[in-house]
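Only one structure is covered here, and it is reproduced in the block below.
Number of protein chains: 2
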Amino acid sequence: MKKYQVVGIGNAMVDVLARADDVFLADAKIEKGIMQLIDMDRAVSLYASVGPAKEISGGSAANTIAGIAHLGGRTAYVGKVKNDQLGAIFAHDLRAQGADYATVMAPSTAAAETGRCIVIVTPDGERSMNTYLGVTEFLSPDDIDVAQMAQTEWIYLEGYRFDGPESHAAFAKAITACKGAGGRVALTLSDPFCIARHRAAFHDMIRDHVDLLFCNRAEILSMYQNDGFDTALAKAASDVAIVACTDSENGVHIRADGKHWHVPAVPTQIVDATGAGDLFAGAFLWALTQGHDLETCGRMGNLAASEVISHIGARPEADLTGLFRSHGLL
Amino acid sequence: MKKYQVVGIGNAMVDVLARADDVFLADAKIEKGIMQLIDMDRAVSLYASVGPAKEISGGSAANTIAGIAHLGGRTAYVGKVKNDQLGAIFAHDLRAQGADYATVMAPSTAAAETGRCIVIVTPDGERSMNTYLGVTEFLSPDDIDVAQMAQTEWIYLEGYRFDGPESHAAFAKAITACKGAGGRVALTLSDPFCIARHRAAFHDMIRDHVDLLFCNRAEILSMYQNDGFDTALAKAASDVAIVACTDSENGVHIRADGKHWHVPAVPTQIVDATGAGDLFAGAFLWALTQGHDLETCGRMGNLAASEVISHIGARPEADLTGLFRSHGLL
């Protein structure tokens, strides 16, 4: 038995969650519903303009790993924070959830701080993310422990990391070590605009290394350049063994072995959409490592997503195992 | 018209909110339902033992002032944080709510950090508070701006501050400046054990300076040394012009001018009791400055308390003005 079921690699972030309306988004020139990268000056001015906020550990892959740990999976996370108060919060919350986390912190003297994402949640529950990467931008191959990568069934790579100058090499090192020991590679596309910035690199990795691709409708259309949803799904399915493509309230489309499943979403009152895709991936991957069939993986993913969008914050609060049991999945 | 209706002085804290059960409290030797002071070592070990947490600005008087600002009151806060990430969060959240906040931050080189309160919320919604004071302990007379104290209708003093070595002098300076300009003084007793540590100093201040005393059943009993609730209420009413004594789900007892009002609590599903007393005081004080009668002040206080205990965190999230209006109070 491998030590880990899933090791995630991504942007280590603390979310700063504030509520505002669409007028605020327009005035602040924030693109609704997506992630935009901001620098420290913008982070300072934007933070000054939002109302009272809550600080909750986030980071896309870190949310996924927190979900897997919450479910009792053997899991670890790799992503860089600074030795500062927000970095301590990030590390605590992951470890307290039961995930291993050993990435060396950037020293407290580093110029950049721990990354943070100013998440504006509008009354419709949609989230618009403004990401100051800080030290997490500098994750490098030195931060990849090849022994750890050889000890996991899956690595889970966050597409947002394609924006980091050294993280292509870090991903390559992790993939080589993981696959060399018989492990498999999952990738989440993360964001349509990040894909547009790095489409060729994404596609090379998908075709050459990825076994399981997580994405949503906007991302797969960006990846396969707007050939229509069904065409994009088919292209993805020809590139990787398993595709799991979420489509908001329309549920998830899964393709593998020439087969196709559509699993409906779980109707929920959306309070804060942050983390829906992350927790879908976490529950799906956990279910896969437990030997469940792909349709059940999708059902568990949808249930986990429905839990996380029912409250503020991108990590599970209710007992997901109990939720799966109450739906007859365990 | 004075610039401010209420200026609060208290412990500036960021709350670290985590859920745990009574067994955890017993194992960690945490006294349930009260505030206990802890040092940095204990803060570190306790934090390491709790699950994933949320960081939300807190501080008893700061919550009260945030409530007054939320209601549109003219208000300011005095309390010390450090120039660190948690200090920036505390300052942002108060200002973003509309309160003035100008206390000079302790320099980033200070040995102590911004104060934090590790709040363990049990399934019954009760909160058990573990307070690392950090730099907020060192609030001194130098931090009191006499011009500001002369420009406010009320000062609101947090009893917890009696634990600070220099804050008796800081309170005295604020009281002199405020009363000298025709202002009035409100005090919250904060905590039965804090009262036990400083009973004589509390009583001297109450008798000599306080116009409006906020407390709860346990606190007034500690203050007047267990003479029975009615006797304690009567003693308090002989010491100050107005007494507002909350009694959890039994509502609030108000005494003034030889009269007595009992205002029932608003039935609520308790998610997190943190801030109930703070928001009661905030809404009560705001209502008083708006010229409402004492019974209405009590009703608004109870409604505000019911809002804040219905969610995680000690500051209002729903529109309190709308809540008062829907109950026919505005």
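Same order as they appear, the protein sequences are chains A and B.
For what it's worth, my numbering labels the leading residue of the first sequence as 856, then goes sequentially.
For what it's worth, my numbering labels the leading residue of the second sequence as 856, then goes sequentially.
Even glycine gets a Cβ: it sits at the ideal position worked out from N, Cα and C.
Being a predicted model, the structure only gives us computed values, none of them experimental.
Annotation: the region 1030-1056 of chain B contains the following complete segments of the alpha helix (DSSP H) (minimum length 4 residues), in chain order: 1047-1052. By the Cβ-count criterion, B:Gly-1146 is exposed, with fewer than 16 other Cβ atoms from all chains shown falling within 10 Å of its own Cβ. Here B:Asn-938 carries a coil assignment [DSSP, helix/strand/coil]. Per DSSP, B:Leu-1068 lies in no alpha helix (DSSP H); the unbroken beta strand (DSSP E) holding it starts and ends at 1067-1071. Among the residues facing chain A, B:Lys-909 is included, as its CB has a counterpart in that chain under 8 Å away. Per DSSP, the continuous beta strand (DSSP E) segment holding B:Ser-983 begins and ends at 982-987. A check of alpha carbon separations from A:Leu-1149 across A:Gly-1177, A:Ala-1159, A:Ile-1109, A:Ala-1056 identifies A:Ile-1109 as the nearest. When rounded, the separation of the alpha-carbon atoms in B:His-1115 and B:Ala-1099 is 10 Å. Identification of chain B residues near A:Ser-912 by a Cβ-Cβ cut-off of 8 Å yields Pro-907, ordered along the chain. In this chain, the beta strand (DSSP E) harbouring B:Arg-971 covers 971-976. If you look at B:Arg-1110, you'll find it in the beta strand (DSSP E) that goes 1107-1111.
Counting only runs that start and end inside the region 875-907 of chain B, the beta strand (DSSP E) elements of at least 3 residues fall at 890-892. The three-state secondary structure of A:Ala-1002, taken from DSSP, is helix. Its chain contains Val-933, Lys-935, Thr-958, Val-959, Ala-1025 as the residues whose beta carbon lies nearer than 8 Å to that of B:Asp-998, once the 5 sequence neighbours on both sides are disregarded; these appear in chain order. Taking each of A:Ser-1093, A:Ala-1138, A:Ala-1096 in turn and checking the Cα distance to A:Thr-919, the smallest one comes out for A:Ala-1138. In this structure, DSSP gives B:Ala-1099 an extended state, which the three-state scheme calls strand.
By the 16-neighbour rule on beta-carbons within 10 angstroms, A:Arg-1154 is buried.
Listed along the chain, the chain B residues whose CB falls inside 7 Å of the CB of A:Ala-951 are Val-905, Gly-906, Pro-907.
Assigned with DSSP and collapsed to three states, B:Glu-1008 falls in strand. Close to A:Leu-941, with beta-carbon spacing below 7 Å, are these residues of chain B in chain order: Gln-940.
In this structure, DSSP gives A:Thr-1176 a helical state, which the three-state scheme calls helix. Annotation: B:Lys-857 is outside any alpha helix (DSSP H) and is labelled neither H nor E by DSSP. Distance from the CA atom of A:Ala-1160 to the CA atom of A:Leu-1175, rounded to whole angstroms, is 10 Å. Under the Cβ distance rule, B:Arg-1052 does not count among the residues neighbouring chain A, no pair being separated by less than 8 Å.
Non-local C-beta neighbours of B:Val-974 in its own chain, meaning closer than 6 Å and more than five positions away in sequence, comprise Asp-870, Leu-872, Arg-982, Met-984, Thr-1129, ordered along the chain. Boundaries of the beta strand (DSSP E) harbouring A:Glu-910: 909-912, taken from the DSSP string. In this structure, A:Leu-1012 places its C-beta atom within 8 Å of the C-beta atom of A:Val-1040.
Cα atoms of A:Ile-1167 and A:Gly-980: separation of roughly 9 Å, rounded to the nearest angstrom.
Within chain B, the residues Pro-907, Ala-908 have their CB atoms less than 7 Å from the CB of A:Asp-948, given in chain order. Note: B:Asp-870 is bridge-paired with B:Ile-911, B:Cys-972 in the DSSP secondary-structure output. One Cα belongs to B:Ala-966, the other to B:Ile-1125, and the distance between them is close to 38 Å.
Residues of the same chain with a CB within less than 7 Å of the CB of B:Glu-992, apart from the 5 flanking positions on each side, are Gly-1019 in chain order.
The C-alpha of B:Gln-1006 lies about 23 Å from the C-alpha of B:Leu-1134.
Here DSSP, grouped into helix, strand and coil, assigns A:Asp-955 to strand. A residue is called buried when at least 16 other Cβ atoms come within 10 angstroms of its Cβ; B:Thr-964 does not meet this threshold and is exposed. Around the beta carbon of B:Met-890, a 10 Å sphere encloses 16 or more other beta carbons of the protein chains shown; the residue is thus reported as buried.
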